[in-house]
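K.L.:
Please see the structure below; I have some questions.
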Amino acid sequence: MTTIFDMPIAILGLQILIGLQNGAFYALLSLGLAVIFGMMNVINFAHGAQYMLGAFLAYILLSWLGLGYWWALLLVPLLVGIFGLAVERLFLRHLYHLDHLYGLLLTFGLVLIVEGVMVDMFGASGLPYSKPDLLQGAERIPLSWVTGNERDIMMMPVYRLWVIAASIVVCLIVWFAIEKTRLGSYLRAATENPTLVRAFGINVPIMVMLTYGFGVALAGFAGVLAAGLQAVTPHMGSSLIIVVFAVVVIGGMGSIMGSILTGFVLGLIEAVVKIAYPEATNIVIFVIMICVLLVRPAGLFGREA
Amino acid sequence: MSVPVQARAGRFNAVHVLVFAGALIALGALPFAVYPVFLMKAMCFAIFACAFNLLLGFSGLLSFGHAAFFGSASYLSAYALSAWGLSAELSILFATVSSAALGAVFGAIAIRRQGIYFAMITLALSQMIYFAALQADFTGGEDGIQGVTRNPVFGLIDITDNLSSYYFVAVIFVFAMFAVYRVVHSPFGQVLRAIRESESRAKSLGYHTDQYKLVVFVISAALSGLAGGTKALVVQVASLTDVTWQMSGEVVLMTLLGGMGTVFGPAVGAVLIVTLQNFLNSFGSLVTILIGAIFVVCVMLFRRGILGELQARFGRK
Chain A
1 MTTIFDMPIA ILGLQILIGL QNGAFYALLS LGLAVIFGMM NVINFAHGAQ
51 YMLGAFLAYI LLSWLGLGYW WALLLVPLLV GIFGLAVERL FLRHLYHLDH
101 LYGLLLTFGL VLIVEGVMVD MFGASGLPYS KPDLLQGAER IPLSWVTGNE
151 RDIMMMPVYR LWVIAASIVV CLIVWFAIEK TRLGSYLRAA TENPTLVRAF
201 GINVPIMVML TYGFGVALAG FAGVLAAGLQ AVTPHMGSSL IIVVFAVVVI
251 GGMGSIMGSI LTGFVLGLIE AVVKIAYPEA TNIVIFVIMI CVLLVRPAGL
301 FGREA
Chain B
1 MSVPVQARAG RFNAVHVLVF AGALIALGAL PFAVYPVFLM KAMCFAIFAC
51 AFNLLLGFSG LLSFGHAAFF GSASYLSAYA LSAWGLSAEL SILFATVSSA
101 ALGAVFGAIA IRRQGIYFAM ITLALSQMIY FAALQADFTG GEDGIQGVTR
151 NPVFGLIDIT DNLSSYYFVA VIFVFAMFAV YRVVHSPFGQ VLRAIRESES
201 RAKSLGYHTD QYKLVVFVIS AALSGLAGGT KALVVQVASL TDVTWQMSGE
251 VVLMTLLGGM GTVFGPAVGA VLIVTLQNFL NSFGSLVTIL IGAIFVVCVM
301 LFRRGILGEL QARFGRK
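Those protein sequences? They're chains A and B, same order as listed. Just so we're aligned: the first sequence equals residues 1 to 305 in full-length UniProt numbering. Just so we're aligned: the second sequence equals residues 1 to 317 in full-length UniProt numbering.
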């Protein structure tokens, strides 16, 4: 078998795949954060909790109502999105006239409440979620076309491939909707100058509310994807969201495509570091963040305010 | 113990002195009425919150990673006490200086961005410290450093019993509160407030705002380290709890609840939160829910905090 870094190329390929899959989550979550931030200048600390809520709702739909994965993929983003609409209407809307930090603090408080309630209801240990038969198992992929060695065969878990594909498709749809459609142009205009857009007869407060709901729905969608990969726990979102914050700082929140690309690339880099120097896996993204801040404080795709 | 003092530079009036004297007497008498370990813990968190407030309340910088300083200091002081057998005051000093150094590094990185980015960067940096504490050898991983000894002060004064260590911690507490008071009521503190109100205007007046922000970040980190280092001595354990993002959030809440525009409000907030946790300890996840709810209420309805509200009611200008 061919080896790189003393590691069989098949295992290497799997690590890269896992890296891309982590990147898929970074991209989905940082995309949601960027959409929300672009519209309302609020950093949604609850993004991780809403992602966790998505995973739990998938679990609940299956075990209480018998609704499977595909239903969850459709219904959970809607339900989490509605939760987001309520949060915007009840809380966030009353904070826009204040310093933006209050939005961050409020959503942080919500994280504690939501996580506390979930621990209270389901306990802190993980719950299993079974993915659909279609996405079980692994594909055999020959690597002989790369290495020229017939014995190099790689087992690609189907579900991981699905996560990457689903994330790419959703990210591109969001990018298209915001950058290329009429609705998206209203949105971008309202970001630049809400008062003027209002004068053209567009209901900006409703638009802001729906934008928040949509960003939150993206987190819920990511949560359903994650439910098929790992045990569902109340704390699955909070550690991830801090990494996503670093991803957002690296990318800068100026561009939708920038957030998506940064997410995937950082997932890949993390995988490479895991192969070369496993001890640093947890902190590599933070280290990259420091380097980017020193060289380009506004982030790779950001504009200095 | 805590005094509603309007932040005003340079004045040291008679009322302040009287209130300080009263607070000192109360501080001396309290351990005969309340369990000293609880009081010491409350004082540590009060120092932590007041130090944090130097940034949030007086400079307008929201650090979401202050657990990095509090927690790493707690580990270092615990290690110095247990493994090196250093005396109590030297261990705490070592932890404080290390926190100041860490604060200089983190501060220099974080002040490159403002507002929300500043919060996210400090949070990400502190998460690095969390992973370092989880993986390093000397921190004991999930177990933390347990059975920390209370070594004699100056190698002479025994503080193994709770009452004598209480007075040792009380001295540190008074020193820290005085330090915070002096920073706020100094020309330096005035400039910080100018930066909080409008950084660009402070810049146009010729102040190097980045230098001011860095210095106050280091002071705040050092005092947070003082709090963390002392806490390890008090509870005789250094654990991962002190470096988590939840701890960073807790100190924000203490400050918000007590009143972030006030000098000693955060100390009031800290005492309240520590008391709450003490009483509701057996309820597990309910504490988290309740703390989250207090957070939401503070942000929505009670942004001035307790002392800020009192000040506004009893109109001192």
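Beta carbons: idealized from backbone N, C-alpha and C, even for Gly.
1. For chain A, is any of its Cβ atoms less than 7 angstroms away from the one on Gln211 (chain B)?
2. Hey, is Arg113 (chain B)'s beta-carbon within less than 7 angstroms of any beta-carbon in chain A?
3. Looking at the unbroken alpha helix (DSSP H) that takes in Arg198 (chain A), where does it start and where does it end?
4. Residues in the same chain with beta-carbon distance under 7 angstroms from Ala166 (chain A), minus the five sequence neighbours each way, listed in chain order, please.
5. Output the residue ranges of the alpha helix (DSSP H) runs that lie fully inside the segment 189-223 of chain B and measure 4 residues or longer, sorted by chain position.
6. When you compare only the Cα positions, how much space is there between Ile36 (chain A) and Gly22 (chain B)?
7. Which residues does DSSP pair with Ile4 (chain A) in a beta bridge?
8. Can you give me, in chain order, the residues of the segment 100-116 of chain A that have a beta carbon less than 9 angstroms from any beta carbon in chain B?
9. Touch check for the segment 98-117 of chain A and the segment 245-262 of chain A: three-plus C-beta pairs under 8 angstroms?
10. If we cut at 7 angstroms on Cβ distances, does Leu276 (chain B) have a partner in chain A?
11. Buried or exposed for Tyr59 (chain B), going by 16 or more other Cβ atoms inside 10 Å?
12. Pick helix, strand or coil for Ile111 (chain B), following the three-state DSSP scheme.
13. So is Met236 (chain A) in contact with chain B if we call contact Cβ pairs under 7 angstroms?
14. Give the straight-line distance between the Cα atoms of Gly263 (chain A) and Val19 (chain B), rounded to the nearest whole angstrom.
15. Are the beta-carbon atoms belonging to Val216 (chain B) and Leu54 (chain B) less than 7 angstroms from one another?
16. Throw me the rounded Cβ distance for the Pro142 (chain A) and Tyr69 (chain A) pair, which I believe falls under 8 angstroms.
17. On the CB-based measure, 16 or more other CB atoms within 10 Å of its CB, does Arg150 (chain B) come out buried or exposed?
18. Considering only the beta carbon of each residue, do Tyr51 (chain A) and Gly228 (chain A) sit closer than 7 angstroms?
19. Taking just the CA atoms, how far does Arg188 (chain A) sit from Met253 (chain A)?
20. Using CA coordinates, which residue listed in B:Leu276, B:Arg182, B:Phe69, B:Met254 is at the minimum distance from Ser126 (chain B)?
21. In the segment 259-276 of chain B, which residues sit with their C-beta less than 8 angstroms from some C-beta in chain A, listed in chain order?
22. Quick one: which unbroken beta strand (DSSP E) runs of 3-plus residues sit fully inside the segment 132-160 of chain A? Chain order, please.
23. Between the segment 89-104 of chain B and the segment 209-229 of chain B, do three or more beta carbon pairs fall short of 8 angstroms?
24. Name, going along the chain, the residues of the segment 121-150 of chain A whose beta-carbon falls closer than 7 angstroms to a beta-carbon of chain B.
25. Output the distance between the C-alpha atoms of Ile290 (chain A) and Tyr35 (chain B), rounded to the nearest integer angstrom.
26. Mind checking Gln311 (chain B): buried by the 16 CB within 10 Å criterion, or exposed?
27. Suppose contacts are defined by Cβ-Cβ distances below 7 angstroms. Is Ser259 (chain A) in contact with Ser30 (chain A) by that definition?
28. Rounded to a whole number of angstroms, what is the C-alpha to C-alpha distance between Ala136 (chain B) and Val105 (chain B)?
29. Identify the contact partners of Ala312 (chain B) in chain A, using a Cβ-Cβ distance below 9 angstroms as the criterion.
30. Do you know whose CA, among A:Ser238, A:Gly148, A:Leu268, lies nearest Thr2 (chain A)'s CA?
31. Taking Cβ-Cβ distances shorter than 7 angstroms, what residues in chain A pair up with Met128 (chain B)?
32. Name the DSSP beta bridge partners of Ile157 (chain B), please?
33. Against chain A, with Cβ distances strictly below 7 angstroms, would Ala67 (chain B) count as a contact?
34. Assign Gly19 (chain A) to buried or exposed, taking buried as 16 or more other Cβ atoms, counted over all protein chains shown, within 10 Å of its Cβ.
35. Quick one: is Pro4 (chain B) near chain A, going by C-beta distance under 7 angstroms?
36. Does the Cβ of Asp242 (chain B) have 16 or more other Cβ atoms within 10 Å, making it buried, or fewer, making it exposed?
P.N.:
For this structure:
1. no
2. yes
3. 194-199
4. Leu225
5. 199-204
6. 50 angstroms
7. A:Met7
8. His100, Leu101, Tyr102, Gly103, Leu104, Leu105, Leu106, Phe108, Gly109, Leu110, Val111, Leu112, Ile113, Val114, Glu115, Gly116
9. no
10. no
11. At residue 59 (chain B) the sequence reads Ser, which differs from the Tyr that was named. Ser59 (chain B) should be labelled buried.
12. coil
13. no
14. 55 angstroms
15. yes
16. Going by Cβ atoms, the distance from Pro142 (chain A) to Tyr69 (chain A) rounds to 29 angstroms, so no, they are not a contact pair.
17. buried
18. no
19. 13 angstroms
20. B:Phe69
21. none
22. 138-142, 153-157
23. yes
24. none
25. 44 angstroms
26. buried
27. yes
28. 20 angstroms
29. Near Ala312 (chain B) there are no residues of chain A at all, since even the closest Cβ is about 17 angstroms away, more than 9 angstroms.
30. A:Gly148
31. Ile283, Phe286
32. B:Val153
33. no
34. buried
35. Below a pLDDT of 50, predicted positions are generally treated as unreliable, and Pro4 (chain B), at 44, falls in that range; no measurement from the model is reported.
36. buried
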